Amino acid sequence: MTSDLTATFNELVKDVLWPAFKKLGYKKSGNNFRYFDADGWGKIVQFQKASYNSATELSFAVNVGLYLLDYDYYLCGETSGRTFGEPACVVRKRIGTLTGTSGSQWFELTDKADNNLVVSNLKDEFTHYIHPYLAAVKSKADIYAILLAGHLADFPSIQIQTLFQAGYQVGALQLFSTEFAQSSSNKHYRATLRSLAAELGLPAALWAEEES
Numbered sequence: 317m318t319s320d321l322t323a324t325f326n327e328l329v330k331d332v333l334w335p336a337f338k339k340l341g342y343k344k345s346g347n348n349f350r351y352f353d354a355d356g357w358g359k360i361v362q363f364q365k366a367s368y369n370s371a372t373e374l375s376f377a378v379n380v381g382l383y384l385l386d387y388d389y390y391l392c393g394e395t396s397g398r399t400f401g402e403p404a405c406v407v408r409k410r411i412g413t414l415t416g417t418s419g420s421q422w423f424e425l426t427d428k429a430d431n432n433l434v435v436s437n438l439k440d441e442f443t444h445y446i447h448p449y450l451a452a453v454k455s456k457a458d459i460y461a462i463l464l465a466g467h468l469a470d471f472p473s474i475q476i477q478t479l480f481q482a483g484y485q486v487g488a489l490q491l492f493s494t495e496f497a498q499s500s501s502n503k504h505y506r507a508t509l510r511s512l513a514a515e516l517g518l519p520a521a522l523w524a525e526e527e528s
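First residue of the sequence shown: 317, per my numbering; consecutive thereafter.
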């Protein structure tokens with residue numbers, strides 16, 4: 317590994333980690349490894365650099381996302397499709413949530429430390445956690461199964477709409493009931509849920525409660 321931190325980071329991403337993903341059909345764009353299926357779903361690995369990096373310290377996080385074209389559409393009113401980014405994913409995880417260490421885990425390259433150790437540890441975490449996690453997702457149905465198993469997206473109301481329109485009405489109703497029950501102190505969110513319920517034609521008993 318080179319001593320220049322930016323070059324070290326680029327070498328880690330491009331030369332060390334990328335080849336295995338390339339063999340699996342992923343496309344590389346900047347610091348993203350992206351897989352997109354024409355059926356409207358995808359997987360992504362994003363290397364997120366910290367905003368405070370310097371010539372002597374470079375920190376970065378590794379984010380993993382599962383993408384649904386429909387969720388992206390209901391969230392943004394349009395879709396990015398093959399160029400989707402990690403923030404548009406319905407399932408978003410930091411590498412620390414997969415390894416069980418820390419959800420906000422950051423990796424640090426410095427001009428004084430042994431950066432080869434960081435690279436070695438990260439290679440191991442990709443081998444034992446990220447690759448198996450992504451390999452288990454082989455279809456759009458696999459992503460829906462994760463949602464139905466209890467994963468909560470960043471925007472639950474959009475998750476409800478996505479599930480309902482995809483034919484998973486029971487799961488959508490269960491999530492709606494939970495979110496509505498927990499929204500009593502958030503009038504804006506409750507109004508959003510009521511509007512969504514009316515749009516989807518959900519049973520009035522679930523949401524048509526007295527206004528206070």
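Just so it is clear, CB atoms sit at the ideal spot from N, CA and C, and this is done for glycine as well.
None of these values were measured; they are calculated from a predicted model.
In this structure, the straight-line span from the alpha carbon of A469 to that of V332 is close to 31 Å.
The criterion of a C-beta distance shorter than 9 Å is satisfied by L463 and G487. Between W422 and T494, the alpha-carbon positions lie close to 33 Å from each other. The stretch 365 to 380 makes no contact with the stretch 391 to 399: fewer than 3 CB pairs, one atom from each, lie closer than 8 Å. By the Cβ-count criterion, A513 is buried, with 16 or more other Cβ atoms from all chains shown falling within 10 Å of its own Cβ. Contact annotation: the stretch 377 to 386 touches the stretch 468 to 482, with at least three C-beta pairs closer than 8 Å. Annotation for I476: the continuous alpha helix (DSSP H) segment containing it runs P472 to Q481.
Each residue's CA atom was taken as its position, placing A323 and F442 some 20 Å apart. Annotation for Q485: the continuous alpha helix (DSSP H) segment containing it runs Q485 to A497. Setting aside the 5 residues that flank it on each side, K344 is surrounded in the same chain by K330, W334, F337, K338 and R350, each with a C-beta closer than 8 Å to its C-beta; the list follows chain order. In chain order, T372 place their CB closer than 6 Å to the CB of D427, counting only its own chain and leaving out the 5 sequence neighbours on each side. Its chain contains no residue whose beta carbon lies nearer than 6 Å to that of Q485 once the 5 sequence neighbours on both sides are disregarded. Boundaries of the beta strand (DSSP E) harbouring K343: K343 to S345, taken from the DSSP string.
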